[in-house]
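Peer 1: Each residue of the sequence shown is one higher than the last, beginning at 836 in my numbering.
To start, I am sharing the structure in question, which I have written as structure tokens.
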Amino acid sequence: MTIKVKFNKGKKANTTVFAEIIIKPANGQHTELIEKDFHYGLFILGTEKHESRRIDNQLRGRAGRQGDPGISVFFVALDDLIMQKM
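Okay, structure coming up:
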């Protein structure tokens, strides 16, 4: 899986930084393009899940606090230990 994040140098509208997140599987057959306006919020990219859902939710909550912008994305491989237990 390939993930590319591209921020433009200028501003979209007047105050928003614009980013393209492109997610492409290893086989390259399907490409999903997500356009997201980031207001300088925190972007959390999780590369594995914790055994405790509480810990994952706590990390996810760090992306946006008290109305602040933010986004969190988790990727899990099928060969991860937590997936093998399911």
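For every residue, glycine included, the Cβ atom is placed at its ideal position computed from N, Cα and C.
Grab me the residues of G902's own chain with a C-beta within less than 8 Å of its C-beta, minus the 5 sequence neighbours each way, in chain order.
Peer 2: Nothing listed; no residue qualifies.
Peer 1: For V785, list the residues DSSP reports as bridge partners.
Peer 2: One cannot answer for residue 785 here, as it falls past the ends of the chain, which runs 836 to 921.
Peer 1: Under a three-way DSSP split, which group does R900 fall into?
Peer 2: Here R900 sits in coil by DSSP.
Peer 1: Helix, strand or coil for L913 per DSSP?
Peer 2: If DSSP states are grouped into helix, strand and coil, L913 belongs with coil.
Peer 1: Determine the direct distance from the alpha carbon of M918 to that of N892, and round the result to whole angstroms.
Peer 2: C-alpha separation (whole angstroms): 18 Å.
Peer 1: Excluding sequence positions up to five away, which residues of its chain have a Cβ less than 6 Å from the Cβ of I906?
Peer 2: Only F878 and A898 meet the Cβ criterion.
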